[in-house]
Structure formats: C-alpha cells, structure tokens
Amino acid sequence: MSAKRVLIVGGVAGGASCAARLRRLDEQAEIVVFEKGPYPSFANCGLPYYVGDAISDEAKLLVATPDLFRTRFNIEVRTEHEVVGIHREERKIEVKDLRMASVYHEAYDALVLSPGAVPIRPPLPGVSLGGVFTLRTIPDSRAIREWIQRSNAKRAVVVGGGFIGLEMAEDLARRGLKVTIVEMCDQVMPPLDREMAEYVYVHLLDNHVSVHLADAVARFEGSEGLVTSVETKSGARFQGDVVILSVGVKPETKLAKEAGLELGPRRGIRVDESMKTSDPSIWAVGDAVEVRDTVTGEFCLVPLAGPANRQARIAADAICGRPARFRGVQATAVCGVFGLTVATTGVSEKRLLQVKNADYEAVYVHPTDHASYYPGAKVMHLKLIFRRSDGLVLGAQAVGEQGVERRIDVISFAIQKGATVFDLEEAELCYAPQFGTAKDPVNLAGMVAANVLRGDVSLARWSDLPHCGAFLLDVREEEEFRRGSIDCAVNIPLDQLRQRLCELPRDCPIWVNCARGHRSYYAVRILQQSGFAAHNLSGGYNTWEVWYPDGLPSSEAPQAEEQSSQSRAA
Ligand code: FAD
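To convert a position in the sequence shown, counted from 1, into the working numbering, add 4.
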C-alpha cells in the first residue's frame, strides 16, 4: 500500500501539532505543511511580551523551524505558500508560492485545515491610518515595536479590554507609554461577571492605566496619515500615537466556504467529534472551527491555544484510524496583568441570565492562596457557579496575585468530568503552608456551595435586591458600616447578634451581608436556628459596590423607611 499523503494548511499551533503527531503515529506518511506567513510554529501567545520587551529576542518566539521539521520529523514545511483553493472532487489543493507568484496543485489523501482566525479590524473612519495595529503574527509585533521606537510614541490607546487587550496594556505600559483602554462593554474582561471584573478594573487604575468603559470607538483621527487620537461614540477623545485593536477575531473560513464545506451558526467550520468536516477526507482544527461548549451544549468559537493543540492531536489520531473524540471546550483561560492573575472556566452567571437559565446558584469565597501565617499569603477572589438542582459545577472565575490559575485548573477539570460541588468539597489537593491551606480554596468554595444545597444556608441574589422586600442586615463592625453600607441596611455586628435578636423582624425575610460573605454566613446560621428566614448576600458589601455603584434605584426607597421603622419598633 502506498504511503498516505497528508497536507496541512496553516503551520502554527494546530497545524504544527497535527503534523508532529501524525509523524509519531505514521512513519511512512508523506506530510507537507503550507504556511502563508514567513514562520511556522511560532509562539503567538508570546507576542504581547515581545512588544513589551519582556521577551527581547525575537528568535525566542520561534518554537520550531522548517529545518527542525525536516530533520527531526521528516515533515516538509513550505512557508510563504498560501493555499488558495480546494478541489474536493479531485482531492487536490491549489497553492500559491508567494515568493515566485506561481500557482501549482498538490494531491492529498487527507487534508487538515488549521488556518486560524483573523483579527477584527472594524471598518471605521481612519482605521487605515499609520499607527493603528492588530496583533496576530511576528511581523505585526515587530511593526508595533518599530513604530513605538521610530515615532517615539508616548501614548497608546488599546481598543478592547479582553485578554489580549489587557496583556497589551501592560506591555505598552512596561515600555513607558501612557495607556488608555477603551471598551464597549461596561466592564473589562467581558468573559467574567462584572463584579469579578471590577477587581481587574481597580487594579488597572492603580497601575495608572486609564479605562474608558461602556463606549465604542467611532473614528480614528490623524494628521499626515498618522493616528493621533481615538474618538468614541459619546464624543470622548483619547490621544494616542499608537492604537492597538484587540476587539476579537473571526474564524478564517474563506477556503472552507469556497470549497463548500459546512459552516456552523457561528460561521466557524463545522466538524464532528473527531474533527472531521462535512467532507470525509478533510479535517479542521483550531480557531477556525466551531465546537461544543461542554457546559451549555451550544456550538461556540473558542480561539485558544489549548483546544487548538488538543484538536490537532485528535485529528491526527483519526486520520491514522485511531478512535479519538474531542470532549468540547469550556473556555478555560488565564491572563496576567500588572501582577494580578485573572482566570475563568465554564459558564458565567451573566451568560446563564442571558439564556434565561435560572437553575443555578453562585457563591463567593475570598481565601488566601496559602496559609495566612506563612509569609507572603495573598487573598484571592473566587466565584463558583453551580446547578441548583444537583450541584453540577458550571463555572468559576478567580482573581488574585497568587495561586489563581491552579484553582481554576482544578475546577476546570471538575467541570470536564461532570463533577459536583460535593466533589469539590472532597477534592484531595496538595497542601503545605507555603503552597496552600488545609482547606484549599477549591474545597472551601465547594463547601460553601454544598452548604447552600444542603439547606444549611440560603442565598439571596443581588439582582433581586431592589424589589426583595427583605430586611437588610449588615453584620460588619460599626466602623466598617460607617464607611459605607447597602442602602437601608441596619447594622448589628456579628458578635452582638445573639444578644440583639429581638431587634429583628420575624414577619419578613432577612438578607444578611458583611464585607465578603463569611461573617454573614455565620450570622445566617445563627438566625436560621433562631427561627428567622435569613438569607446570605454572598460576596458581601464588596459585591454590592459593583452591582449598585449609584445605590438602589430611588423608586425602591420606601422599603428603607419601612425597614428602619421596623427595626426601631423592634
Ligand atoms: P494559528 O496558530 O493562528 O495558525 C494559523 C496559521 O495558518 C497562520 O500562521 C496563518 O498564516 C496560516 N494560514 C491561514 N490561511 C492559510 C492559507 N490559506 N494557506 C496557508 N497558510 C494559511 N491562546 C491561549 O490559549 N493563551 C494565550 O495566552 C494566548 N495568547 C495569545 C496572544 C495573541 C497576541 C494571539 C494573537 C493569540 C493568543 N492566543 C492565546 C490564541 C492562540 O494563539 C490561538 O488560539 C492558536 O494559535 C490557534 O491555533 P490555529 O492553528 O487555529 O491558528
């Protein structure tokens, strides 16, 4: 039998991984990778750090060269060769040699598409001015570096406050630029829930980055062809000698579409669980494909390196006749910004609200990353979202200076394996004082969630606060209460609660808050066991400040009077 001929379109994350795995499985196969750019297998995830000079040697971004592919793997890589067509009936691709401007055809037994995604460049006035960049390739990052140097840039505007936008903000600041982030949503880091993103927002301000939220860019303004400022829809204007567009990517599907391959509702290439497209000889992986979200079951686009690499391996296995199945994605992601780590996995609360899924609860814990008595412990903020009906873990988000990604990784795997909050309670995790706590943050989140499901504590929802009709009890210390409180809340510090139960109403629910939800949990236990209908406002006053920065809507104020008169009467 003649050797199988596998052609791969795209030579970076998915393409290079797939090629290497194919070789390990089939020594006889002929494998050719076509990459339209000048480099195969480069570290696109490292590009922001190259712009910021944390990585100063460009060569470090090259993970493998065509030489290495040839000598170690017997794989031919043709850089600056763009695949411009797929002739499915003849099982041939049409290739343009970009250096020679010539076109030729190559036959395949199996074809793998890993063409990635293209950064979105919104068609706004001035978007073509010099100094307005997107970041996807080594040449892009080199151009940004050179621009900053040549123009002696002092101010940068980053459009988009997602993962890449934040990385770029930090890296531009590291180069001494004054950075403004302009973000269309009312929060940075849109995959996070707003109250979690607030920690990131405050941290950006603390690090002298200006952040302009809830306003979209309307135009780029310039002089002599070079960008000088960005104007938003609201009329705000931000000076910038360099502008980075990081407003997302769209799957690169031109080839697939022209070849008549099926696309999905999100306009990504449709594949089955073995990454096979609607054509039985063509596989597709990476940013260009749509895959199922393991939590929601919906098709989605998750342009991340982890899924691309795993899918590439599965496609290679399938091409070699091995049973292989992609489990789906849950958008597990992490980002570092000015020493803060932000990580997320699974579904967010706002997404559940969007799809009108009410069968969930969310709890917050704020433990230290390791034993607080061991030097250097840092508080992390962790939100766990789970199904109310059975405790299935649905999502988690965490922000902190240390140990955040480790906890999200554990929860991510729990989600993938269909674990519940009761499993998180019982998870056996590494512990020594310098690394963790005997009750790890993951255990703690599981315990708090399990308490809710066992009925030991009832949760109140922040979204229901304006019309809850509840008595609001704040159990923080008087000094903390004086510094700020939830509208209409009455203060009885936790340590006085047992003696002052007579001040509380028995004819309406009591919603209890403290700073972050810990003391209020103790208070709810006391109250419940004393016959009160008490509910914990998980996340505490910290969360109130994010949900209601301007206080409760004034139309809801009458409850306040009623509440304080009740309290006085009591
Ligand atoms: P790519 O790696 O982009 O490779 C696609 C290649 O195909 C490209 O080189 C392209 O030139 C080539 N190509 C396209 N069409 C053709 C054609 N017709 N003919 C020949 N070649 C073609 N992910 C993370 O998980 N963590 C991170 O920290 C992270 N940081 C990132 C930072 C930046 C700045 C960027 C841009 C991305 C980052 N990502 C990160 C995302 C990650 O890099 C991608 O998800 C991953 O590279 C996708 O792999 P892929 O093979 O689908 O596409």
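All C-beta atoms, glycine included, are put in the ideal place defined by N, C-alpha and C.
According to DSSP, residue i sits in a beta bridge with which residue or residues?
{"i": "residue 404", "result": "345, 384"}
{"i": "residue 528", "result": "Bridge partners of residue 528: none, in fact."}
{"i": "residue 108", "result": "99"}
{"i": "residue 241", "result": "235"}
{"i": "residue 273", "result": "267, 293"}
Quick one: is residue i buried, meaning 16 or more other Cβ sit within 10 Å of its Cβ, or exposed?
{"i": "residue 212", "result": "exposed"}
{"i": "residue 567", "result": "Because residue 567 carries a pLDDT of 48, less than 50, the predicted location of this residue cannot be relied on, and the following value inherits that uncertainty. Residue 567 comes out buried."}
{"i": "residue 434", "result": "exposed"}
{"i": "residue 565", "result": "Interpretation of residue 565 is limited by its pLDDT of 39, a score under 50 that renders its predicted location unreliable; no figure is taken from the coordinates."}
{"i": "residue 525", "result": "buried"}
{"i": "residue 344", "result": "buried"}
{"i": "residue 145", "result": "buried"}
{"i": "residue 449", "result": "buried"}
{"i": "residue 175", "result": "buried"}
{"i": "residue 206", "result": "exposed"}
{"i": "residue 520", "result": "buried"}
{"i": "residue 200", "result": "buried"}
{"i": "residue 267", "result": "buried"}
Of the residues the options, which one's Cα is nearest the Cα of residue i?
{"i": "residue 152", "options": "433, 142, 137, 49", "result": "137"}
{"i": "residue 257", "options": "143, 18, 119, 353", "result": "119"}
{"i": "residue 114", "options": "67, 177, 286", "result": "286"}
{"i": "residue 414", "options": "385, 404, 447, 92", "result": "447"}
{"i": "residue 553", "options": "185, 198, 30, 416", "result": "198"}
{"i": "residue 251", "options": "126, 14, 468", "result": "126"}
{"i": "residue 209", "options": "342, 18, 471, 516", "result": "342"}
{"i": "residue 161", "options": "154, 155, 169", "result": "169"}
{"i": "residue 461", "options": "48, 473, 528", "result": "528"}
{"i": "residue 90", "options": "332, 98, 84", "result": "98"}
{"i": "residue 451", "options": "438, 93, 431", "result": "431"}
{"i": "residue 533", "options": "459, 500, 164", "result": "459"}
{"i": "residue 602", "options": "467, 262, 423", "result": "Residue 602 is absent from the model: the chain starts at 5 and stops at 574."}
{"i": "residue 380", "options": "438, 283, 111", "result": "438"}
{"i": "residue 365", "options": "85, 86, 454", "result": "454"}
{"i": "residue 112", "options": "336, 323, 399, 474", "result": "323"}
{"i": "residue 301", "options": "350, 315, 317", "result": "350"}
{"i": "residue 279", "options": "269, 264, 295", "result": "295"}
{"i": "residue 50", "options": "44, 353, 41, 66", "result": "66"}
{"i": "residue 544", "options": "425, 154, 387", "result": "387"}
{"i": "residue 87", "options": "30, 482, 354, 117", "result": "117"}
{"i": "residue 397", "options": "367, 207, 376", "result": "367"}
{"i": "residue 456", "options": "418, 391, 491", "result": "391"}
{"i": "residue 55", "options": "149, 93, 133", "result": "149"}
{"i": "residue 68", "options": "58, 60, 83", "result": "83"}
Quick check: is any heavy atom of ligand 1 less than 7 Å from the C-beta of residue i?
{"i": "residue 39", "result": "yes"}
{"i": "residue 292", "result": "yes"}
{"i": "residue 502", "result": "no"}
{"i": "residue 416", "result": "no"}
{"i": "residue 166", "result": "no"}
{"i": "residue 14", "result": "yes"}
{"i": "residue 26", "result": "no"}
{"i": "residue 118", "result": "yes"}
{"i": "residue 170", "result": "no"}
{"i": "residue 19", "result": "yes"}
{"i": "residue 256", "result": "yes"}
{"i": "residue 146", "result": "no"}
{"i": "residue 309", "result": "yes"}
{"i": "residue 125", "result": "no"}
{"i": "residue 140", "result": "yes"}
So, at 6 Å on beta carbons, what are the nonlocal neighbours of residue i in its own chain, with the 5 sequence-adjacent residues on each side left out?
{"i": "residue 7", "result": "32, 33, 34"}
{"i": "residue 541", "result": "464, 515, 517"}
{"i": "residue 311", "result": "333"}
{"i": "residue 275", "result": "281, 288, 293"}
{"i": "residue 523", "result": "479, 498"}
{"i": "residue 353", "result": "197, 366, 389"}
To which residues of the same chain is residue i closer than 8 Å at the C-beta, ignoring the five residues directly before and after it?
{"i": "residue 106", "result": "100"}
{"i": "residue 384", "result": "370, 371, 372, 373, 402, 403, 404, 405, 406, 407, 408, 411, 445"}
{"i": "residue 204", "result": "170, 192, 193, 196, 341, 344, 346, 403"}
Near residue i, which residues of its chain fall below 7 Å by C-beta distance, leaving aside the five closest residues on each side in sequence?
{"i": "residue 158", "result": "181, 182, 245"}
{"i": "residue 573", "result": "Confidence in residue 573 is poor, its pLDDT being 32 and thus under 50, which makes the residue's placement too unreliable to answer from."}
{"i": "residue 571", "result": "Since pLDDT at residue 571 reaches only 39, below the 50 mark, its modelled position is unreliable, and the value read off the structure follows with that caveat. So the list reads 494, 507, once near-sequence residues are dropped."}
{"i": "residue 420", "result": "298, 331, 334"}
{"i": "residue 74", "result": "80"}
{"i": "residue 240", "result": "216, 219"}
{"i": "residue 537", "result": "513, 514"}
{"i": "residue 305", "result": "255, 270, 272, 294"}
Does ligand 2 have even one heavy atom less than 7 Å from the beta-carbon of residue i?
{"i": "residue 36", "result": "Summarising the ligand content, the structure contains ligand 1 and does not contain ligand 2."}
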